[in-house]
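Student: full-length UniProt numbering puts the sequence shown at residues 1 to 702.
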Amino acid sequence: MTDTHCPYCALQCAITLTVDETGGNRTVSVAPRDFPTNLGGLCQKGWTAATLLDHPDRLTTPLVRRDGALVPASWDEAYAVIIERVRRVQDESGRDAVAVFGGGGLTNEKAYLLGKFARLALGTSMIDYNGRFCMSSAAAAGNRAFGLDRGLPFPLADLGGADAVLLAGSNLAATMPPAVRHLASIRERGGLIAIDPRRSETARLTDDGAGIHLRNLPGSDLAVLLGLLQVIIAEDRCDEDYLASRTTGWPRVRAAAAQWWPERVERASGVPADALRQAARLLAAASPARGGAGAYLLTGRGAEQHAHGTDTVTAVINLALALGLPGRAGSGYGAITGQGNGQGGREHGQKNDQLPGYRKITDHAAREHVASVWGVAPETIPGPGVPAVQLLRSLGTPGGPRALFVHGANPVISGPDAQVITERLAALDLLVVCDFFRSETAELADVVLPVTQWAEETGTMTSLEGRVLRRRRAVPPPEGVRDELRVLADLAGRLGCRADFPTDPDAVLAELGRASAGGIADYGGITPERLDRGEALHWPCPADDHPGTPRLFAERFATPDGRAAMIAVEPAPVDDDLRPDAPIYLITGRVLQQYQSGAQTRRVAALNRVQGSGFVELHPRLARRLEVAEGELVRVRSARGEACAPARISADLRPDVVFMPFHFPGQERANTLTNPTTDPVSGMPEFKVCAVEVTKIKEAAC
Ligand SMILES: Nc1nc2c(c(=O)[nH]1)N[C@H]1C(S)=C(S)[C@@H](COP(=O)(O)OP(=O)(O)OC[C@H]3O[C@@H](n4cnc5c(=O)[nH]c(N)nc54)[C@H](O)[C@@H]3O)O[C@H]1N2
Ligand SMILES: Nc1nc2c(c(=O)[nH]1)N[C@H]1C(S)=C(S)[C@@H](COP(=O)(O)OP(=O)(O)OC[C@H]3O[C@@H](n4cnc5c(=O)[nH]c(N)nc54)[C@H](O)[C@@H]3O)O[C@H]1N2
Ligand code: SF4
Ligand SMILES: [Mo]
Numbered sequence: 001m002t003d004t005h006c007p008y009c010a011l012q013c014a015i016t017l018t019v020d021e022t023g024g025n026r027t028v029s030v031a032p033r034d035f036p037t038n039l040g041g042l043c044q045k046g047w048t049a050a051t052l053l054d055h056p057d058r059l060t061t062p063l064v065r066r067d068g069a070l071v072p073a074s075w076d077e078a079y080a081v082i083i084e085r086v087r088r089v090q091d092e093s094g095r096d097a098v099a100v101f102g103g104g105g106l107t108n109e110k111a112y113l114l115g116k117f118a119r120l121a122l123g124t125s126m127i128d129y130n131g132r133f134c135m136s137s138a139a140a141a142g143n144r145a146f147g148l149d150r151g152l153p154f155p156l157a158d159l160g161g162a163d164a165v166l167l168a169g170s171n172l173a174a175t176m177p178p179a180v181r182h183l184a185s186i187r188e189r190g191g192l193i194a195i196d197p198r199r200s201e202t203a204r205l206t207d208d209g210a211g212i213h214l215r216n217l218p219g220s221d222l223a224v225l226l227g228l229l230q231v232i233i234a235e236d237r238c239d240e241d242y243l244a245s246r247t248t249g250w251p252r253v254r255a256a257a258a259q260w261w262p263e264r265v266e267r268a269s270g271v272p273a274d275a276l277r278q279a280a281r282l283l284a285a286a287s288p289a290r291g292g293a294g295a296y297l298l299t300g301r302g303a304e305q306h307a308h309g310t311d312t313v314t315a316v317i318n319l320a321l322a323l324g325l326p327g328r329a330g331s332g333y334g335a336i337t338g339q340g341n342g343q344g345g346r347e348h349g350q351k352n353d354q355l356p357g358y359r360k361i362t363d364h365a366a367r368e369h370v371a372s373v374w375g376v377a378p379e380t381i382p383g384p385g386v387p388a389v390q391l392l393r394s395l396g397t398p399g400g401p402r403a404l405f406v407h408g409a410n411p412v413i414s415g416p417d418a419q420v421i422t423e424r425l426a427a428l429d430l431l432v433v434c435d436f437f438r439s440e441t442a443e444l445a446d447v448v449l450p451v452t453q454w455a456e457e458t459g460t461m462t463s464l465e466g467r468v469l470r471r472r473r474a475v476p477p478p479e480g481v482r483d484e485l486r487v488l489a490d491l492a493g494r495l496g497c498r499a500d501f502p503t504d505p506d507a508v509l510a511e512l513g514r515a516s517a518g519g520i521a522d523y524g525g526i527t528p529e530r531l532d533r534g535e536a537l538h539w540p541c542p543a544d545d546h547p548g549t550p551r552l553f554a555e556r557f558a559t560p561d562g563r564a565a566m567i568a569v570e571p572a573p574v575d576d577d578l579r580p581d582a583p584i585y586l587i588t589g590r591v592l593q594q595y596q597s598g599a600q601t602r603r604v605a606a607l608n609r610v611q612g613s614g615f616v617e618l619h620p621r622l623a624r625r626l627e628v629a630e631g632e633l634v635r636v637r638s639a640r641g642e643a644c645a646p647a648r649i650s651a652d653l654r655p656d657v658v659f660m661p662f663h664f665p666g667q668e669r670a671n672t673l674t675n676p677t678t679d680p681v682s683g684m685p686e687f688k689v690c691a692v693e694v695t696k697i698k699e700a701a702c
């Protein structure tokens, strides 16, 4: 029996794996473990996670493209192809001609070593990762306001003590089902508020007096948040003492919000003015300044994945500060992290502008520190590269990268305006994909390298509450598969890199600890022994005798003056907004049974039986107008392209909005439609909303 954590999302539910080899047939079974985040619960994906370990689609040998087809090759042959082409491309076009794309599912150790591999072995500045598509707007807003970005700056279990929780664009009930247990007492008190254009599984949790669902127009969250703040200001319910002692910038924020009275917000967002007033009063009554037990304001991707997502998160933070919540016991603001290591993955150098410990790559002292740990001169470390959308769209263009390494991402399905990304990947001189399955991105590769899965490896993951957890090896990997740390070390060695690339995960963690020491995300005191003893180590944890930091900001924020910076923000229209030839909003998101690009969960039969293909959810009135019946095919067309999937008719949506999950390939790929325009601060694309035309398909198939 091995104690470890689920391989999928950032809740990182605790599980125990049991291996049974009776009769020569190995079965690995999953059982939930009691843990403060999942409280003994698991979702369907967690329960079925082990079926992928022995899946027939599992890659067990490298693949190399010959005469157009991917064929099995030895590791040495695969490495030789990679090294020869990397050398040629860099000789001809410079070091930045080779790029790296990482993932928020990688362990801290892999993410750290991947950043080092890019900067030292390839000498390229061109590295970014799929977390840019995930948490970047929340991260940018958190850094801007608090000087620090840790998804939840408090343990998840703290939520239970509050009177009210606001979820802005989070469908927690489908994306982290066991976390809903923490909302039980809040719902009993009628304190759950959900902002979502859809009556999602989570919005439904507000039914029967459990709270309020603010069903807004897509992309209008910022107006809704200003409306809530306006009511709190107008009714004199701000925490003036807190604002005076712990923040800067309040007068301008106050002046900007004062103009967003509820009736104006109703026109901009579709949310009834009365519902806004009710929600604002509920939050104010819960706030500690007014004698409440506390309130938490949380954001999910629905509010963040927009061309102005950073400003929207800033508006949530401003509201939280006006109520005096951040840093207060029993209250706070947080962003709900997404991928398994969505937190740690964004701290140790996969980001284009970042060095380990959440350090800035442009900071002279940070470069000196990391260079000394790496044993190189600071000038050896390249400067900042470009963020994900820009990177992926420049592949194979004149002056853009000609080769790409992909570790832990499937952008053919999950990138915005995915057809363009597919074409750019196909135009490369060399695409190397490390994966355990032939994902849609691996299908385009020149070389595919098969790596170990979660239950076959050791390492650490940092969960949504900034707690570092230990992933433990329970089973040996299939023959032919290599650990990713070793793959990076093998490649670095063959590229002639003299820096150290340890392959023992504990040695990598120790080096990561040294590289992050003194940085914002300081892992210096986190050791395997402490984690094995069950210590709850939330970063920063700078020394062996430091207990870790479950709650941040109690005394001061991480800004130079210790105060939270309030920044006045204004609503902006949806970038690709409605017009006569595209009169409907498309919004995108997730279903409980599928994970991300589906590269993993679309191979699990038990999950596919419940939800194995895509759909277009639409309102009965729209369905009647289009003369579409349940299950009939509809075509969805945007300025980028068209997709096609069966109709699912549901009054959970507004009649002018359709919803598609983004997990599915081919005709059902939602990202064929999405808008690649990005947030100017975070680089986040506008995944969540674009204008489309919806029509019925007369033919039997698309
Ligand atoms: N089942 C499942 N669980 C997952 C994942 C998965 O793929 N599948 N992925 C994990 C990851 S990486 C992440 S990031 C999280 C994401 O977790 P969530 O943020 O909860 O997930 P989403 O479904 O992307 O979006 C949440 C909601 O945003 C709504 N929405 C769409 N447009 C808007 C808008 O303009 N405003 C507002 N307020 N809401 C809007 C959608 O209707 C949806 O209900 O889930 C994690 N957990
Ligand atoms: N329209 C729309 N698009 C979206 C979103 C949305 O809400 N709407 N959400 C966005 C978000 S929040 C996210 S996080 C992205 C995620 O999008 P993707 O990057 O596509 O995420 P995954 O499907 O998790 O891809 C991970 C790939 O890496 C492999 N893998 C898993 N673990 C490892 C490992 O340790 N090493 C290696 N080498 N490979 C591994 C998996 O098999 C899989 O092929 O999608 C984004 N795209
Ligand atoms: S909620 Fe997330 S971590 Fe928990 S079992 Fe489901 S996918 Fe795994
Ligand atoms: Mo994500």
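Built from N, CA and C at the ideal position, the CB exists for glycine as well.
Give the C-beta separation of residue 388 and residue 132 to the nearest angstrom, bearing in mind that I take them to be a contact with Cβ-Cβ under 8 Å.
Tutor: Confirmed, about 4 Å.
Student: Output the residue ranges of the beta strand (DSSP E) runs that lie fully inside the stretch 187 to 265 and measure 3 residues or longer, sorted by chain position.
Tutor: If we require 3 residues or more, the beta strand (DSSP E) runs fully inside the stretch 187 to 265 come out as 192 to 195 and 211 to 214.
Student: Return the chain-ordered ranges of every alpha helix (DSSP H) run that is complete within the stretch 595 to 676 and spans a minimum of 4 residues.
Tutor: Fully enclosed alpha helix (DSSP H) runs of 4 or longer: 605 to 611 and 620 to 626.
Student: Should residue 220 be labelled buried (16 or more other beta-carbon atoms within 10 Å of its own) or exposed?
Tutor: Buried, since its Cβ has 16 or more Cβ neighbours within 10 Å.
Student: Cβ of residue 608 versus every heavy atom of ligand 3: is any distance shorter than 8 Å?
Tutor: No.
Student: Quick one: complete alpha helix (DSSP H) runs, 4+ long, within the stretch 508 to 545?
Tutor: Within the stretch 508 to 545, the complete alpha helix (DSSP H) runs of at least 4 residues are 528 to 532.
Student: With a 10 Å radius around its C-beta and 16 neighbouring C-beta atoms as the bar for buried, classify residue 259 as buried or exposed.
Tutor: Flag for residue 259 reads exposed.
Student: Output needed for residue 556: all residues of its chain with C-beta closer than 7 Å, excluding positions within five of it in sequence on either side, in chain order.
Tutor: Cβ neighbours of residue 556 beyond the five flanking positions: 562.
Student: Give every residue of the same chain whose Cβ lies closer than 6 Å to the Cβ of residue 123, excluding the five residues on either side of it in the sequence, and list them in chain order.
Tutor: Closer than 6 Å at the Cβ level, and outside the excluded window around residue 123, lie 95.
Student: Looking at residue 11 and ligand 3, is the gap between the Cβ and the nearest heavy atom below 8 Å?
Tutor: Residue 11: yes, Cβ under 8 Å from ligand 3.
Student: For residue 347 and residue 531, what's the separation of their Cα atoms in angstroms?
Tutor: When rounded, the distance between both Cα atoms is 19 Å.
Student: Residue 307 to residue 299, Cα distance in whole Å?
Tutor: Near 16 Å, if we compare the C-alpha coordinates of residue 299 and residue 307.
Student: Kindly list the residues whose CB is nearer than 6 Å to the CB of residue 439, restricted to its own chain and excluding five residues on each side of it in sequence; keep chain order.
Tutor: The residues are 410 and 599.
Student: Measuring straight from C-alpha to C-alpha, what distance separates residue 151 and residue 345?
Tutor: Straight-line Cα distance between these residues: approximately 12 Å.
Student: Taking residue 161 as the reference, which of 114, 192, 391 and 475 has the closest Cα?
Tutor: Nearest option by C-alpha distance: 192.
Student: Is residue 451 near ligand 2 - that is, is its Cβ less than 8 Å away from at least one heavy atom of it?
Tutor: Flag set: Cβ of residue 451 near ligand 2.
Student: Considering only the alpha carbon of each residue, which of 560, 686 and 484 lies closest to residue 62?
Tutor: Selected option, being the one with the closest Cα: 484.
Student: Taking Cβ positions, are residue 11 and residue 30 nearer each other than 9 Å?
Tutor: Cβ atoms of residue 11 and residue 30: not closer than 9 Å.
Student: Taking residue 545 as the reference, which of 526, 558, 533 and 559 has the closest Cα?
Tutor: Ranking 526, 558, 533 and 559 by Cα distance to residue 545 puts 526 first.
Student: Compute the minimum distance between the beta carbon of residue 503 and the heavy atoms of ligand 2, and state whether it is under 8 Å.
Tutor: False, no ligand heavy atom lies under 8 Å from that Cβ.
Student: Can you name, in chain order, every residue of its own chain whose Cβ lies under 6 Å from the Cβ of residue 50, other than the five neighbours on each side?
Tutor: Same-chain partners within the cutoff: 28 and 30.
Student: Could you tell me which of 130, 672 and 610 sits nearest to residue 683, measuring between CA atoms?
Tutor: Comparing Cα-Cα distances from residue 683 to each of 130, 672 and 610, the minimum goes to 130.
Student: By alpha-carbon positions, which one of 592, 518, 88 and 625 ends up nearest to residue 171?
Tutor: Comparing Cα-Cα distances from residue 171 to each of 592, 518, 88 and 625, the minimum goes to 592.
Student: So the alpha helix (DSSP H) residue 282 belongs to, where does it begin and stop?
Tutor: First-last of the alpha helix (DSSP H) with residue 282: 273 to 286.
Student: Compare the beta carbon distance of residue 145 and residue 317 with 9 Å and say whether it is the shorter of the two.
Tutor: Against a cut-off of 9 Å, the Cβ pair of residue 317 and residue 145 comes out as a contact.
Student: Roughly how many angstroms lie between the CA atoms of residue 35 and residue 457, to the nearest whole one?
Tutor: For residue 35 and residue 457, the distance between alpha carbons rounds to 21 Å.
Student: Measure the alpha-carbon distance for residue 154 versus residue 60 and round it to whole angstroms.
Tutor: One C-alpha to the other measures close to 41 Å.
Student: Rounded to a whole number of angstroms, what is the C-alpha to C-alpha distance between residue 719 and residue 549?
Tutor: Residue numbering for the chain in the displayed model covers 1 to 702; residue 719 lies beyond these limits and cannot be assessed.
Student: Helix, strand or coil for residue 390, going by three-state DSSP, please let me know.
Tutor: Residue 390 falls in the helix class under three-state DSSP.
Student: Going by the DSSP bridge assignment, what does residue 66 pair with across the sheet?
Tutor: Answer by DSSP bridge pairing, in chain order: 69.
Student: One question on the structure: do residue 110 and residue 488 come within less than 9 Å of each other, judged by their Cβ atoms?
Tutor: Yes.
Student: At 3 residues or longer, and completely inside the UniProt domain "4Fe-4S Mo/W bis-MGD-type" (1 to 57): list those beta strand (DSSP E) runs for me, N to C.
Tutor: You should have 2 to 5, 14 to 20 and 27 to 32.
Student: Assign residue 398 to buried or exposed, taking buried as 16 or more other Cβ atoms, counted over all protein chains shown, within 10 Å of its Cβ.
Tutor: Looking at its Cβ environment, which holds fewer than 16 other Cβ atoms inside 10 Å, residue 398 is exposed.
Student: Whose C-beta lies closer than 6 Å to the C-beta of residue 435 among residues of the same chain, with five residues either side of it excluded?
Tutor: Correct list, in chain order: 442.
Student: According to the neighbour-count rule (16 or more other Cβ atoms, all chains shown, within 10 Å of its Cβ), is residue 74 buried or exposed?
Tutor: The residue in question, residue 74, is exposed, as its Cβ has fewer than 16 Cβ neighbours within 10 Å.
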